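Everything on this sheet refers to the single structure shown next.
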Amino acid sequence: MMTRKVFNKRTPAEGGKNFIALPNDACHYVHHEKMSADKLFLYALIIDYYNLEEGFAFPSIETLAVAYGKAPDTTSKHIDDLKAVGLIDFPYKGRYVPLIPLSATEFYAEFPEAFTNYQTAFRRCETRKADSRERARLWREKYAD
Numbered sequence: 003m004m005t006r007k008v009f010n011k012r013t014p015a016e017g018g019k020n021f022i023a024l025p026n027d028a029c030h031y032v033h034h035e036k037m038s039a040d041k042l043f044l045y046a047l048i049i050d051y052y053n054l055e056e057g058f059a060f061p062s063i064e065t066l067a068v069a070y071g072k073a074p075d076t077t078s079k080h081i082d083d084l085k086a087v088g089l090i091d092f093p094y095k096g097r098y099v100p101l102i103p104l105s106a107t108e109f110y111a112e113f114p115e116a117f118t119n120y121q122t123a124f125r126r127c128e129t130r131k132a133d134s135r136e137r138a139r140l141w142r143e144k145y146a147d
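In this note's numbering, the protein residues as written are 3 to 147.
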């Protein structure tokens with residue numbers, strides 16, 4: 003197997019490679035009930051298809067579905083979800099405009115239920131970490147010399 007280089011996020015286009023820009027502020031959108039990491043990938047695809055001269059992205063649903071790895075009906079529903087949370091607009095069918103995501107403060111103010119979801123996920127994570135530390139402590143207590 004060939005050795006692969008470590009990705010350098012400071013120079014992503016090194017070697018003439020192309021990358022899709024995904025704004026960091028989009029990450030907190032996963033806490034909205036209509037959103038998922040998959041849908042953020044769809045948002046990134048729309049960003050990638052965006053044509054600066056035309057002012058919108060215009061891939062067909064079928065083209066997006068192939069790139070997204072989902073059925074056209076699913077892709078269409080997910081596009082509606084992206085619009086519902088304000089990540090895209092489509093002035094008319096088949097024309098998509100990716101919008102700049104809200105900051106975390108703005109997002110959670112507009113979607114307080116997403117902040118509740120975030121807090122629940124955070125507490126669950128903290129509980130798992132504490133439980134893991136306690137299991138390790140008990141193991142050391144039992145088996146350490």
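Beta carbons are placed, not taken as given, at the ideal position from N, Cα and C, and that holds for glycine.
Computed from a predicted structure; not experimentally measured.
query = If you run the structure through DSSP and keep just helix, strand and coil, what is phenylalanine 92?
reply = Reduced to three states, the DSSP call for phenylalanine 92 is strand.
ask   = Is proline 74 helix, strand or coil by DSSP?
value = helix
key: CB-CB length for phenylalanine 1 against valine 99, believed under 8 Å   = In this structure the chain extends from 3 to 147, so residue 1 is not present and cannot be described.
request  = Would you grab the beta carbon distance between arginine 97 and phenylalanine 60 for me? Rounded to a whole angstrom, and I think it's under 8 Å.
outcome  = 5 Å
query = Applying the criterion that 16 or more other CB atoms from any shown protein chain within 10 Å of the CB defines a buried residue, is methionine 37 buried or exposed?
reply = buried
query = Pick from Thr118, Tyr45, Lys19 and Lys85: whose alpha carbon is nearest that of asparagine 26?
reply = Tyr45
task = Can you grab the Cα-Cα spacing for the pair glutamate 56 / isoleucine 90, in whole Å?
result = 16 Å
key: Contact check, tyrosine 70 vs leucine 47, beta carbons under 8 Å   = yes
query = Taking C-alpha atoms, which residue in Ala28, Lys79 and Leu66 lies nearest to threonine 107?
reply = Ala28
query = When you compare only the Cα positions, how much space is there between alanine 146 and glutamate 16?
reply = 49 Å
ask   = Does the separation of the CB atoms of histidine 34 and phenylalanine 113 fall below 8 Å?
value = Yes, these two residues count as a Cβ contact at 8 Å.
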